[in-house]
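2 protein chains.
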Amino acid sequence: MKIITGGVCAAKGYTASGINCGIKYRNGKRDLSLIVSETRASCAAVYTTNLVKGAPITVTKSHIADGYARAVICNSGNANTCNANGIEIAEQTCELAGKALGIPAEDIVVASTGVIGQPLSIEPIREGLPALAASLSADGSSDALEGIMTTDTVKKEAAVEFILDGKTCRLGGIAKGSGMIHPDMATMLVFITTDAAISPEMLGKALKSDVAKTFNMLSVDGDTSTNDMEVVLANGLAGNREITGEGTDFAEFMKALNTVTVSLCRQIASDGEGATKLLECTVTGAKNDAAAKTVAKSVICSSLLKAAMFGADANWGRVLCAIGYSKADVDISRIDVSFESAAGRVDVCKNGSGIEFSEEKAKEVLLKNEINILVGLNDGEACATAWGCDLTYDYVKINGDYRS
Amino acid sequence: MKIITGGVCAAKGYTASGINCGIKYRNGKRDLSLIVSETRASCAAVYTTNLVKGAPITVTKSHIADGYARAVICNSGNANTCNANGIEIAEQTCELAGKALGIPAEDIVVASTGVIGQPLSIEPIREGLPALAASLSADGSSDALEGIMTTDTVKKEAAVEFILDGKTCRLGGIAKGSGMIHPDMATMLVFITTDAAISPEMLGKALKSDVAKTFNMLSVDGDTSTNDMEVVLANGLAGNREITGEGTDFAEFMKALNTVTVSLCRQIASDGEGATKLLECTVTGAKNDAAAKTVAKSVICSSLLKAAMFGADANWGRVLCAIGYSKADVDISRIDVSFESAAGRVDVCKNGSGIEFSEEKAKEVLLKNEINILVGLNDGEACATAWGCDLTYDYVKINGDYRS
């Protein structure tokens, strides 16, 4: 497997574009994006579990019920959620996009991200669509990515090349997400494309299995968004024999998908609103998968630990505290904790009690911008990793007045 | 019922004291406190549900297993948690206190609060106890309160006078708590005393029922402490006929207890680490109690909403979002939301969708330091209230380097 560039256009037969159509009036940034497959593609998606769901989620679910799609249209600046006419606007968006592309509206995935509860006008979308369609290009991943960003400060994309059935396949994706990140079943907006041939059923299976280990193990602020969505399109243009069941090809496809999604997870966590550090919590020796996941996620969600990491303070008691209230099945008296970064590793807790360590060394480790919190439960074989970020002044600043 | 002063010494037969014994080396603040009842008192307590439990909790549980106690000793500056010799230190503390007071060690409740995982030396406690015992006084509530404070910036106490069986009874308490506040079954440290006569069994019943509606509905940062404890002592010196079952006397006692605990909850939320505003979320019209509580607590726990309240931003979509991910049984399309404060009330959401409102008026309402978030579920008769605070730069500052 090889890491490559190209994001959502890395695979054969995909073009993308992003423009400013006037939804984000004030700053002229791109706010409308399109991703199109040359041919009909297998399509699978996972969505937020928030009871308050963006209207685009309802429309997308119905459009991909048959397992296939051709294009994705997404606006930023307005979540089209909690609006009385939301469904109507999302349907109209698909119709307009279908007309511009010459494909059925039912083959289009629609997504929105931004402020909740402000009416979304169809006018800027109607006016922008011809230009958006005209600018579709195989180099368009970056423009499309800009068009879905809100408080994101960096672009998140990843892609890999791999071999299936002797054919070179590619899989790549783009993601947005910085605040309101605590996915449950899915995440913010993640669009992934591949030219591998895989049936909708197996694509759905791959996505569900992968999301449980990647985006569902990610948290910036504990707030599960109303508009989370991860969509994968697979158009089969790589020419491999279609994957229709488990086996080595499916395993290789899963590996490619996981490489891209873990990379996107880390990029989202690093760019968490106001974040200065990526936190990774690696739990080993758990009694079972559920315990491993629960512990890892509880640790990276603790506001107190997140603030301590911002201050490069090796306050490991907060790691133990977060494990203790996680409700996971663990034996506290067996827990070991270490902090690790590019500056080395420092062990701080053994068998549930503190051990002597150099505060100077710990400071050095924690001053780096990627910190791994290693938790050994010494109680079994299961492991899990979760990703998060520190809690900083800037998180408060960004969210103290998001709407203005 | 009458609001009175006197805190934990308001009721007959209680004295208290607080001194600096040297556990908090650096600032000379009081760090060791004592509360003593003239006679043996009915005693009930609730504790943290965190699997990582402070050693004092284990010792206290065993000491009050018979339903009675005479005194409470508490240190701040060190949580005596995750230390290999924690139980031993907590037992020694009770023995030393028992000796100084001339009462059995088994009649003493012990508590600790502060940093987790740093060994607690018995020496400062041994050396401080004679002075601590000698300074016991009926005016000592305030000193005892200072001795249990950590990052608290204000003193939290409350007391009431009420009539049971024709006798004047009093009930009062003190509390500490500012960060790591998200109680589950109990809260930070809350010590309550009363001179009402009530059996240990009925006292336990009153406490459990009350805590579910008060401290368990309070959150500053979502982190459930390892040392939470609420203890009530009832020495019967008011001379009322002992409460041994339900009835009007028990109802009146519950009302007194609830008046004091709600006041302490509001004081803790107002003084949440870095907080500038008290947030109260009042949920009405829920299908059942569980839904009402879950919704209220989810709203006041949302980092995004807390930051918006800091910025006086009427971003009600975050209220809907937090209700949506709470997993409570609600009908989103029936939800109404309003913000209310001393400056008036502004309705922002009706039937799950936004309505027009004056941003100017909303700003005025949200600039006050006590905000009520009113959520009408229009789906039943149950209601609940939860308390929290805004998320501010200072929360990050305080927790970025708590240990130094």
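Chains as they are written, first to last, in the numbering used here: chain A, -1 to 402; chain B, -1 to 402.
Note that beta-carbon positions come from the ideal geometry of N, C-alpha and C, so glycine has one too.
These numbers come from a predicted model, not from an experiment.
Pairwise C-alpha distance: residue j and residue i
i, j, result
"E228(A)", "A320(A)", "29 Å"
"I109(A)", "N78(A)", "Here residue 109(A) is Ala; the residue named in the question, Ile, does not match the sequence. Straight-line Cα distance between these residues: approximately 9 Å."
"S331(A)", "S351(A)", "8 Å"
"K206(A)", "L94(A)", "31 Å"
"I33(B)", "G270(B)", "25 Å"
"L372(B)", "R316(B)", "13 Å"
"C381(A)", "I71(B)", "42 Å"
"W427(A)", "M307(B)", "Because residue 427(A) is not part of the residues shown, which for chain A are -1 to 402, the question remains open."
"T383(A)", "E144(B)", "42 Å"
"E368(B)", "K253(B)", "24 Å"
"T56(B)", "I85(B)", "7 Å"
"I106(A)", "I123(A)", "15 Å"
"E250(A)", "T259(A)", "14 Å"
"Q404(B)", "A284(A)", "Limits of chain B in this structure are -1 at one end and 402 at the other, which puts residue 404(B) out of reach."
"Q243(B)", "V188(B)", "Per the sequence presented here, residue 243(B) reads as Gly, with Gln not at that position. Roughly 25 Å separates the two Cα atoms."
"E392(B)", "P102(A)", "The displayed chain sequence assigns Asp, not Glu, to residue 392(B). If I take the Cα positions, the gap works out to 53 Å."
"L302(A)", "E125(A)", "47 Å"
"S324(B)", "S300(B)", "10 Å"
"L130(A)", "S31(A)", "7 Å"
Partner residues on chain B for residue i, Cβ-Cβ distance less than 8 Å
i, result
"D150(A)", "Those within 8 Å of D150(A) in chain B number zero; the least Cβ separation is about 16 Å."
"S223(A)", "C319"
"S300(A)", "G220, D221"
"Y391(A)", "Y391, V394, K395"
"G177(A)", "L302"
Own chain partners of residue i with C-beta closer than 6 Å, once the 5 adjacent residues on each side are dropped
i, result
"V344(A)", "F337, F355, K359, A360, V363"
"H180(B)", "S217, G220, D221, T222"
"K395(B)", "none"
Per-residue DSSP class, three states only, for residue i
i, result
"T185(B)", "Because T185(B) sits at a pLDDT of 47, beneath the cut-off of 50, its placement in the model cannot be relied upon, and the following sentence gives the value as read from the coordinates. Coil."
"D281(B)", "Strictly speaking, residue 281(B) in this sequence is Val, with Asp absent from that position. Note: V281(B) maps to strand in three-state DSSP."
"E338(A)", "strand"
"G164(A)", "coil"
"C347(B)", "strand"
"E240(B)", "coil"
"K211(B)", "helix"
"L201(B)", "helix"
"A42(B)", "strand"
"A156(A)", "strand"
"G26(B)", "coil"
"L130(B)", "helix"
"L364(B)", "helix"
"S405(B)", "Since the first residue of chain B shown is -1 and the last is 402, residue 405(B) is not available in this structure."
Range covered by the alpha helix (DSSP H) that runs through residue i
i, result
"M227(B)", "Looking at the DSSP string, M227(B) is not in any alpha helix (DSSP H); the run it does join, the beta strand (DSSP E), is 227 to 232."
"Y393(A)", "391 to 398"
"T259(A)", "246 to 268"
"F308(A)", "301 to 308"
"C19(A)", "No alpha helix (DSSP H) holds C19(A); DSSP gives it neither H nor E."
"K59(B)", "53 to 61"
"I88(B)", "Correcting the residue identity first, residue 88(B) is Ala in this sequence and not Ile. Here the alpha helix (DSSP H) through A88(B) covers 84 to 99."
"S140(A)", "139 to 146"
9 Å Cβ cut-off: residues of chain B touching residue i
i, result
"W314(A)", "C80, I114, G115"
"Y12(A)", "Near Y12(A) there are no residues of chain B at all, since even the closest Cβ is about 32 Å away, more than 9 Å."
Continuous beta strand (DSSP E) stretch holding residue i: start and end
i, result
"V383(A)", "The question names Val, yet the displayed sequence has Thr at residue 383(A). 380 to 387 is the extent of the beta strand (DSSP E) around T383(A)."
"S74(B)", "66 to 76"
"A109(A)", "106 to 113"
Same chain, Cβ closer than 7 Å to residue i, five either side skipped, listed in chain order
i, result
"T224(A)", "T46, N48, V50, K51, G52, A77, T79, I114"
"G11(B)", "S35, E36, T37, D193, N233, L235"
"I62(B)", "C41, A43, V107"
"A8(B)", "I2, A157, R168, G170"
"L201(B)", "S40, A42, V230, A232"
"G378(A)", "G283, A284, K285, N286"
"T13(A)", "C7, V34, L134, S135, A136, G138"
"L127(B)", "L94, A95, A98"
Contacts that residue i makes with chain A (C-beta to C-beta distance below 8 Å)
i, result
"S351(B)", "C80, N81, A82, G115"
"G386(B)", "Chain A residues near G386(B): none, gap ~12 Å exceeds 8 Å."
Interface partners of residue i on chain A, CB under 7 Å
i, result
"I330(B)", "L49, V50"
Contact set for residue i: own chain, Cβ-Cβ below 8 Å, skip 5 residues either direction
i, result
"A294(B)", "M215, C279, T280, V281, V373, A382, T383, A384"
"G26(B)", "N18"
Residue i: contacting residues in chain B (beta-carbon distance under 7 Å)
i, result
"G322(A)", "N48, L49, V50, T224"
Closer than 9 Å at the beta carbon, the chain A residues around residue i
i, result
"T347(B)", "Strictly speaking, residue 347(B) in this sequence is Cys, with Thr absent from that position. What C347(B) touches in chain A: C80, G115."
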